[in-house]
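Report on the following structure.
Protein chains: 2
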Amino acid sequence: VNRHSPVTRTAGPVRVVGTGLLGASIGLGLATRGVDVVLADPSPSALALARDLGAGRLPQPEDAEPALVVVAAPPDVTAAVVAAELAAHPAAVVTDVASVKAGLLAELTASGADLSRYVAGHPLAGRERSGAVAARGDLFAGRPWVLSPAPASRSEAAAAVRDLVLDLGATPVTMDAAEHDEAVALVSHTPQVAASLVAARLRQAGPEAVALAGQGLRDVTRIAASDPGLWVQILAANAAPVAAVLRGLRDDLDDVLTALEQLACEGRGAPAPGARTALARAIAAGNEGRARIPGKHGSAPTTYAVVTVVVPDRPGQLGRLFGDMGEVGVNLEDLHLEHSPGQPVGLAELAVLPAERSRLETALRERGWTVHG
Amino acid sequence: VNRHSPVTRTAGPVRVVGTGLLGASIGLGLATRGVDVVLADPSPSALALARDLGAGRLPQPEDAEPALVVVAAPPDVTAAVVAAELAAHPAAVVTDVASVKAGLLAELTASGADLSRYVAGHPLAGRERSGAVAARGDLFAGRPWVLSPAPASRSEAAAAVRDLVLDLGATPVTMDAAEHDEAVALVSHTPQVAASLVAARLRQAGPEAVALAGQGLRDVTRIAASDPGLWVQILAANAAPVAAVLRGLRDDLDDVLTALEQLACEGRGAPAPGARTALARAIAAGNEGRARIPGKHGSAPTTYAVVTVVVPDRPGQLGRLFGDMGEVGVNLEDLHLEHSPGQPVGLAELAVLPAERSRLETALRERGWTVHG
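So the sequence lines, in the order shown, correspond to chains X and V. In terms of the numbering used here, the first sequence opens at residue 1 and continues consecutively. In terms of the numbering used here, the second sequence opens at residue 374 and continues consecutively.
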C-alpha cells in the first residue's frame, strides 16, 4: 500500500475524533498500515459507517490511552474539541485538520490548554463529496499537509504528527498560522467564493441557456456544490485574508466591466480606446497566474520542448515509438496522448529538454515517423 | 463511429476554411464518415498538420465546387470570410462556428452578401487547448450546436447545416442570435472572465502558497489558460450581454466583501449581525445555480477500463512499459501520467477496452510490473 516507505512510523492507538471525509480517510490510511485506530463521533450512524468501511474500531472499556489524537471535527467546534481531548488524554499528542489556523491557535492559547502536546495541522486534500462514504485511504497521497506548531509545541509532538503525515503519504509543510491562512485564502477560499458567485448567476437563466453549458462552466462551478454550513464557518474564520484577496479581484473585475461597457457603446459610434488592451491584459494575467500552479504533485512548472508525433491507431505503435526514443537516447520528461476512438491516427506529444528537441525530431523522421515541431 | 445513425447525411465536397481546433475536428469527424473534405488555411503549417491528422485533403485544380463551406476562422474575420466564401462559391451553403452571433449577422446583412445560402452556427464544444493538435473527430458528440438562421436563410440551407451537425453527433438547437449571445455570456463568457480573475490573483503569490493548490483551484482556473487574443475578440463581440451578467456578479461580490469585512472586525469586538447569513446565502445561491446545470447528455460513448501501473522514475522505464504493452498486443485508448518528482515512482493510468483489462494486467505482472486494477 505504501510505496514510499516500508516502515510505519505512527505508534497507536490513534484516536480519530470526527468520522467525516477527512477523519475516515485518516483512519482508513492508518488502519491499512496496521495501526490501531479508535473512532469517535457524536453521530452514531456516521461512526458505524466509518467502522464498517474499515477506518477503525469502536472504543472498548479496556482500551489503552491513545498515543495520538486527531481532531477532525467541524471548524467551529475544533478549538473546543482539541482543548477537551488535551484535557481528557494527558499523555497524548493532539492535532487537528481544520482549514483555518490563526484564530484556532489564538482561541486555544486563551483557553489555557496544554499546547506543549498540540500541533495544528491542515491536510490540503478533499473532494466535492463529503462524509465517510467518500473516504479513501490514499486521499492524502502526494498532497501537502501544513503543520503549524504553536510556540509551546514540544519537538516530540511535532515529530509524532509529522510521522502521521508521512505514513499517510502526504508531504509535511511547516508554515506559520498567519502565512497559512493567507495562502488558503488565495488558493482555496477565493476560488470557492468565485465559483459560488458564477453559479449563482445561473439561477435566473432559462433552460435553453443552461442547456448550452459546457465543460468550462462545469469546471468553474464544480465546487459551488459545496456545503454552505461548512463554508460559512471557514470564511468567517478567515474573513480578513479572504477579503483582502477579493478586494483585488473586485478591482480587476471593475476594469473588465469598464472595458466591456466602452465596447458596448463602440457599436453605437463611441470610441473605446484601450478597452481591448484592458481585456487582453485581464486574460493574459489569468494565463500568468494559472501557469504558477505547480504540477499535480508539487513539481515546479518546467518548460519543455514539445515534439508532436503522428501515431497510427494500431497495437504496438506507441511501443515502437518509445523503443525508437530509447535507441535515440532521449529521455521523456512528460507525455500527452491525443486520441479519439475510431480515428485512424492519434498524436503523441513528447516533452523533452529543449536541447534535445531537434536531435529527436531528426532521429524520429529518419525512422519513418511524421513529426510536427 | 456514429452511434446515432448509420447514414451519413452530409453531401460533399465540404470545404473547411480554418484548420484550428474546431475546423480540424469537423474535418476529422466528416472524413471518418467518408465525406470528401477539402481544407483551407492561411497558415501552411496548420494546414499540413490538419491534413496529416486525417482531417481532410488539400485542394486540387480539378476539384468540384463544394456543396457546403464551413468557416472556422477567428471570430474577428468570420464575417469577411463568410462573405468571401458566399461570393466565391455561388452554389454552396455556407455556415460558420463563431461564438457570438448578433454582431456577425448584422455585419453580414450590411455587407449585402447573399444570406439565402447562409446559416449561422455555433458548436458548444471546445477545449482549453487550441489548434489542430487538439482536434478530435468526436469533439461535438452529444454537445449542443446552435443554429441561428437569418431571416433570408432558405430552408434547404438550414437543412444542409442541420445534417452536418447531426453527422458530427451534435444536437442542433435553433435560437435567435440575441438570445444565443445572452446565453453564452452567462454559461461561457462570464466563467472565462471569473477564471481569469481568480488565476490573476496568483501572480503575486509566494511559491509556498501556490504549492498548496488543490483540485478546486485547478478546476476553477483551468480555462484561465485560454488564448487572450481569441478571448478579446469574443468578449468585445459580446460586450453588452457579458457586462450585464458581470454587473450582477459584482453586486453579489460586494455583499460577500461587506460580510467578510464585518466578520474581520467581529474578532475585535464589533458585532457582525447578518454577516454569516449573507455568506450562507451566497454559497447556497451557488448550490442552487450549480444544480441547474444539466447532466451530460449523450457523452462518453465508451467507458474504458483503467489499469494503473507503478513506473519507477528512471530513464527508459516508460519506454519499457509501452514496449511490453506492444508485445502483449493491447491497444492503448488513453493515458494519464501522474508525476511525483521527489518520490521514487510515478503512476501510469492506461485506459484500454474493458475486455482487454484482465489480459493486460496479467501480462504486465508477468513482466514484473506492479499493477493496480
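C-beta: ideal position from N, C-alpha, C; glycine also. Note that the structure is predicted; figures quoted are calculated from it, not measured.
query, result
"Selected residue, minimal CA-CA separation from residue 488/V, among 522/V, 737/V, 505/V", "522/V"
"Closer than 8 Å to chain V by CB, residue 247/X", "yes"
"Residues that DSSP places opposite residue 94/X in a beta bridge", "69/X, 118/X"
"Nearest-angstrom Cα separation, counted from residue 705/V out to residue 727/V", "11 Å"
"Interface residues of chain X facing residue 665/V [CB-CB closer than 9 Å]", "199, 202, 203, 205, 207, 210, 213"
"Nearest neighbour of residue 589/V, chosen from 107/X, 23/X, 191/X, 289/X [CA to CA]", "191/X"
"Residue range of the unbroken alpha helix (DSSP H) whose run includes residue 242/X", "239-266"
"Residues near residue 349/X in its chain [Cβ-Cβ closer than 6 Å; skip 5 each side]", "306, 308, 336"
"Chain V contacts from the region 214-227 of chain X (Cβ-Cβ distance under 9 Å)", "214, 215, 216, 217, 218, 219, 220, 221, 222, 223, 224, 225, 226, 227"
"Whether residue 279/X touches residue 272/X by CB criterion (8 Å)", "no"
"Which listed residue (254/X, 232/X, 47/X, 122/X) has its alpha carbon closest to that of residue 809/V", "No statement about residue 809/V is possible, as the shown extent of chain V runs from 374 to 746 and does not include it."
"Rounded straight-line distance, which links the Cα of residue 194/X to that of residue 297/X", "The predicted position of residue 297/X is uncertain, since its pLDDT is 40 and thus under 50; a value taken from the coordinates is nonetheless stated next. Their backbone Cα atoms lie some 24 Å apart in a straight line."
"Any C-beta of chain X under 8 Å from that of residue 625/V", "yes"
"Proximal residues to residue 724/V (C-beta, below 6 Å), its chain only, five neighbours per side dropped", "677, 679, 706, 707"
"Cutoff 8 Å: residue 649/V Cβ touching any chain X Cβ", "yes"
"Residue-chain proximity (residue 521/V, chain X), Cβ-Cβ < 8 Å", "no"
"Rounded Cβ spacing between residue 223/X and residue 593/V (contact assumed at less than 8 Å)", "7 Å"
"Residue 201/X, buried or exposed, once every other Cβ within 10 Å from all chains shown has been counted against 16", "buried"
"Residue range of the beta strand (DSSP E) that includes residue 222/X", "Premise fails: residue 222/X is in no beta strand (DSSP E) and is neither H nor E."
"7 Å CB neighbourhood of residue 496/V in its chain, flanking five on each side removed", "395, 470, 513, 516, 518, 543"
"Closer than 8 Å to chain V by CB, residue 196/X", "yes"
"is_contact[residue 162/X, chain V] using C-beta, thresh 8 Å", "no"
"Residue 413/V and residue 390/V closer than 8 Å at C-beta", "yes"
"Touching by the beta-carbon criterion (3+ pairs, under 8 Å), the region 222-239 of chain X and the region 654-667 of chain V", "yes"
"Cβ neighbour criterion (16 or more within 10 Å) applied to residue 43/X", "exposed"
"Same chain, Cβ closer than 8 Å to residue 481/V, five either side skipped, listed in chain order", "452, 455, 456, 488, 491, 523"
"Terminal residues of the alpha helix (DSSP H) in which residue 384/V lies", "From DSSP, residue 384/V is part of no alpha helix (DSSP H); its letter is neither H nor E."
"Cα-Cα separation between residue 20/X and residue 126/X, rounded to whole angstroms", "11 Å"
"Span of the alpha helix (DSSP H), counted from its first residue to its last, around residue 514/V", "Counting along the chain, residue 514/V falls outside any alpha helix (DSSP H), and DSSP gives it neither H nor E."
"Contact set for residue 196/X: own chain, Cβ-Cβ below 7 Å, skip 5 residues either direction", "224"
"Alpha-carbon to alpha-carbon, residue 99/X and residue 75/X", "7 Å"
"Distance CB(residue 12/X)-CB(residue 35/X) smaller than 8 Å", "yes"
"Residues from the region 346-372 of chain X in contact with chain V, defined by Cβ distance under 7 Å", "347, 370, 372"
"Against chain V: residues of the region 309-327 of chain X by CB proximity under 8 Å", "310, 313, 314, 315, 316, 317, 318, 319, 320, 321, 322, 323, 325, 326"
"Local conformation of residue 349/X per DSSP, three classes", "strand"
"Per-residue DSSP class, three states only, for residue 547/V", "strand"
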